[in-house]
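Numbering (this note's numbering), first residue to last: 624 to 722. Beta carbons: idealized from backbone N, C-alpha and C, even for Gly.
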């Protein structure tokens, strides 16, 4: 009835601790060895972990942490690029994905 398909994994996120914030929002960060300045925040949202697992079996897992995310346009010298920045609310660790 259903067939299994291999879904390609998303590109790996880059772990960085080099994010400069102004209050709660990122304003500069380093990605692949280059420094970027945030020009525009396109959107910001929070995720509360893998809620679908908790709903299905009621078990709270250690990785079910809240995260704050920003989608931003940022640029070094040159063209503006869109990134997704994610901050783990418990540990304060940052993940950066190029969109």
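Under the DSSP assignment, residue 691 falls in the beta strand (DSSP E) whose first and last residues are 690-698.
Of the other Cβ atoms in all chains shown, 16 or more fall within 10 Å of the Cβ of residue 719; this residue is therefore buried. Residue burial is scored here from C-beta neighbours: residue 698 has fewer than 16 other C-beta atoms within 10 angstroms and is therefore classed as exposed. Under the three-state reduction of DSSP, residue 651 is assigned to strand. When the beta-carbon positions are compared, residue 696 and residue 661 come within less than 9 Å of each other. Residue 644 sits in a strand when the DSSP states are folded into three classes.
Distance from the CA atom of residue 712 to the CA atom of residue 664, rounded to whole angstroms, is 19 Å.
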